[in-house]
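Note sheet for the following structure.
Number of protein chains: 2
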Amino acid sequence: MSFTGSIALVGSGNVAWHLGNALVNSDVRVTQVCGRNFEKTNNLAHALNAAFESDLSNLDADVIIVCVNDDSILDVISKIPIERKVLYTSGALGLSIFEDRKNIGVLYPLQTFGDRNKSDFSQIPLLIEAKDDDFLNEINSLTSSISSKVYVVNSEQRLIYHLSAVWMNNFVNHLGSIAFEIIQQHQLNWEVLKPLIEKTTFNILNNNPIDIQTGPAKRNDLKTLALHKENLNAEQKELYIALSESIKKKHLPNGKL
Amino acid sequence: MSFTGSIALVGSGNVAWHLGNALVNSDVRVTQVCGRNFEKTNNLAHALNAAFESDLSNLDADVIIVCVNDDSILDVISKIPIERKVLYTSGALGLSIFEDRKNIGVLYPLQTFGDRNKSDFSQIPLLIEAKDDDFLNEINSLTSSISSKVYVVNSEQRLIYHLSAVWMNNFVNHLGSIAFEIIQQHQLNWEVLKPLIEKTTFNILNNNPIDIQTGPAKRNDLKTLALHKENLNAEQKELYIALSESIKKKHLPNGKL
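Protein chains in written order, with our numbering: chain H, 1 to 257; chain G, 1001 to 1257.
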């Protein structure tokens, strides 16, 4: 059963932007966009052919999707009329805190939205949850119209996916920024690293990563570890040591050295 | 000028295997393979249509490529007749320690070789170096016949590339093994993470990673950080904290909290 209702979006950041575009591209009607930042919200409303709305209590679409930071979700939802059907997009916030709402649910797109380059939303996993079974079915219809990867998970499972996503995106990206910094500091060529980065990802996608670990920490190659540390600043060195020790604990036969 | 000489390989591990196959596939003659492990060395020699050799002093090919662990390189090379032209494949070992050799050089393939799946060697960056200019030209001819990405770099530059490769491969793969472990512990589905892993890599390849950092550590979202830590074991938590603190130091306006 396909979703035929209307959607209101709350928020004008990257998640609202990507989700709004995905909905409209799948012929789902976005009728209202509500946000504090007038310019950004109005731009998004315009792009989605929706009405700009500044007052949460005026939202009257069939489903309201709240795309704001975790810290603001409770406050924002408390201002939406209690009878409305509401979804939020957080990976970490559990559903049980919304005690007084019947039609409350989650639409968590497990993807990073650090930019506004159009992405193929149909391949983005959408993790959904709802208190009410009828509402869950409605969310399922809605999300299935924009992605082929819809998963029903509970709040605990969603938190674990979010936690894993932090390791695979936030932390990996941070390692990338350190490697990039090291290459720049020495006026070397970042292009040289790219085939390795691609192969590393290919390997992680196609193996249990623990089986393919290589490198000086795993070999406990003290000479190379020392050479590397000589070429890092204090902050980089601290993290290098933490990562190397963690690899050693996992891979060396006697655990910690 | 194309390379027309013969090659001897020392070692029977993954680097020797990949390099040997790349050479033979590019019609470079591998005439000898020398190693301590009879079975593995003999298998590789057979696969490359080369002779098995157990004695380093018997190697008589035009160029001898030593593909052994950093800890063994000095010892192995000391047993090769001094007049021979020798290359080794280390990312970290500086050339200056080989004081008594004229024809000594480096062929460092900047790639991970944790498995024996055939890879497109022509796209693997080869970092080369030699004491002697004529020998460097010869290495250049040799390496250009197997890869389109040959870079002449000195020992210090090579060490920095190797160090960056540790961040982008060894450390990233270790984060992958932790995320995989977390997903398995909770009997969840690793497939759900894959589009995110692919997008993370795409982002790193196409941006300065520091510009696209996202996540609870960067936002200093204490509630989510606490929720995550509750779901990690002691070792995972230690590394989670080290990585989150490093992100905070880099991104929060007042540095450390």
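No residue lacks a Cβ here, since even glycine has one placed at the ideal position from N, Cα and C.
Does the beta carbon of residue i come closer than 8 Å to any beta carbon on chain H?
i: Trp1017/G; result: no
i: Lys1248/G; result: no
i: Gln1285/G; result: Outside the modelled stretch of chain G, which goes from 1001 to 1257, sits residue 1285/G, for which no answer is possible.
i: Val1192/G; result: yes
i: Glu1235/G; result: yes
i: Asp1221/G; result: yes
i: Ala1022/G; result: no
i: Asp1027/G; result: no
i: Leu1335/G; result: In this structure chain G extends from 1001 to 1257, so residue 1335/G is not present and cannot be described.
Assuming contact is defined by CB atoms lying nearer than 8 Å, are residue i and residue j in contact in what I supplied?
i: Asn231/H; j: Leu1159/G; result: yes
i: Ala1016/G; j: Leu1044/G; result: yes
i: Ile1178/G; j: Leu163/H; result: no
i: Lys218/H; j: Gln1111/G; result: no
i: Ile77/H; j: Val66/H; result: yes
i: His18/H; j: Leu1243/G; result: no
i: Ile128/H; j: Ser147/H; result: no
i: Asn220/H; j: Leu252/H; result: yes
i: Val1150/G; j: Asn1137/G; result: no
i: Ile210/H; j: Thr1201/G; result: no
i: Leu1059/G; j: Ile1080/G; result: yes
i: Asn1206/G; j: Phe1113/G; result: no
i: Val1166/G; j: His228/H; result: yes
So which residues on chain H does residue i lean against when the C-beta distance must stay under 9 Å?
i: Gly1215/G; result: Thr112, Ala165, Val166, Asn169, Asn170, Phe171, Asn173, His174
i: Ile1183/G; result: Ile160, Tyr161, Ser164
i: Leu1188/G; result: Val153, Gln157, Ile160, Tyr161, Ser164
Taking the alpha carbon of residue i as the reference point, which residue from the options has its own alpha carbon closest?
i: Asp70/H; options: Gly1215/G, Leu1243/G, Ile1178/G; result: Gly1215/G
i: Ala226/H; options: Ala1061/G, Asn1014/G, Leu1093/G; result: Leu1093/G
i: Phe52/H; options: Asn21/H, Ser12/H, Lys194/H; result: Ser12/H
i: Cys1034/G; options: Ser1026/G, Ile1007/G, Val1024/G; result: Ile1007/G
i: Ser1155/G; options: Asn1203/G, Ile1097/G, Phe1113/G, Leu1193/G; result: Ile1097/G
i: Ile1064/G; options: Lys1040/G, Glu1099/G, Asn1037/G, Asn1103/G; result: Asn1103/G
i: Thr1224/G; options: Ala61/H, Ser90/H, Thr31/H; result: Ser90/H
i: Val10/H; options: Asn37/H, Lys131/H, His228/H; result: Asn37/H
i: Pro1109/G; options: Val192/H, Ala165/H, Glu245/H, Val166/H; result: Val192/H
i: Gln157/H; options: Arg84/H, Val106/H, Gly114/H; result: Val106/H
i: Gln1187/G; options: Phe171/H, Tyr161/H, Trp190/H; result: Tyr161/H
i: Val1153/G; options: Phe135/H, Asn189/H, Ser144/H, Asn206/H; result: Asn189/H
i: Ser1119/G; options: Pro195/H, Ile212/H, Phe135/H; result: Pro195/H
i: Trp1170/G; options: Ser26/H, Ile212/H, Phe171/H; result: The identity of residue 1170/G in the sequence shown is Asn, whereas the question assumes Trp. With distances taken between Cα atoms, Asn1170/G lies closest to Ile212/H.
i: Asp1027/G; options: Gln1185/G, Lys1040/G, Ala1050/G; result: Ala1050/G
Under 8 Å Cβ-Cβ, which residues of chain G neighbour residue i?
i: Ser177/H; result: Asn1208, Pro1209, Ile1210, Gln1213, Lys1250
Whose Cβ in chain H lies nearer than 7 Å to the Cβ of residue i?
i: Ile1197/G; result: Met168, Thr201, Ile204, Leu205
i: Leu1227/G; result: Ala92, Leu159
I want to see whether chain G comes within less than 8 Å of residue i, judged by CB atoms only; does it?
i: Thr224/H; result: yes
i: Phe38/H; result: no
i: Leu257/H; result: Any reading at Leu257/H must be qualified, since the residue scores a pLDDT of 41, below 50, and its modelled position is unreliable; the value itself is stated next. No, Leu257/H lies away from the interface with chain G (no Cβ there is under 8 Å from its Cβ).
i: Phe180/H; result: yes
i: Asp115/H; result: yes
i: Asp70/H; result: yes
i: Leu243/H; result: yes
i: Leu239/H; result: yes
Once the 5 residues before and after residue i are set aside, which same chain residues still bring their CB inside 6 Å of it?
i: Asn1208/G; result: none
i: Lys256/H; result: The pLDDT assigned to Lys256/H is 44, lower than 50, so where the model puts this residue is not dependable; a value taken from the coordinates is nonetheless given after this. The residues are Lys249.
i: Asp1133/G; result: none
i: Arg29/H; result: Ser6
i: Leu1048/G; result: Gly1020, Val1024, Val1030
i: Ser1246/G; result: none
i: Arg1084/G; result: Ile1064
Can you list the residues of chain G that residue i reaches, using a CB-CB cut of under 7 Å?
i: Asn231/H; result: Leu1159, Ile1160, Leu1163
Once you ignore the five residues that flank residue i on each side, which residues in its own chain have a CB closer than 7 Å to its CB?
i: Ala1022/G; result: Phe1121, Ile1146
i: Ala61/H; result: Ser6, Ile7, Ala8, Thr31, Gln32
i: Ser1002/G; result: Ser1141, Ser1145
Go through its chain and collect everything with a Cβ distance to residue i's Cβ below 8 Å, but skip five positions before and after it.
i: Leu1239/G; result: Ile1178
i: Arg101/H; result: Ile77, Ile82, Val86, Lys131
i: Thr143/H; result: Leu107, Leu126, Ile128, Val150
i: Phe1180/G; result: Trp1190
Practice problem: With 9 Å as the limit, tell me which residues of the segment 138-162 of chain H have their beta carbon closer than that to any beta carbon of chain A; keep them in chain order. | Solution: In summary, chain A is missing from the structure at hand, where the protein chains are H and G.
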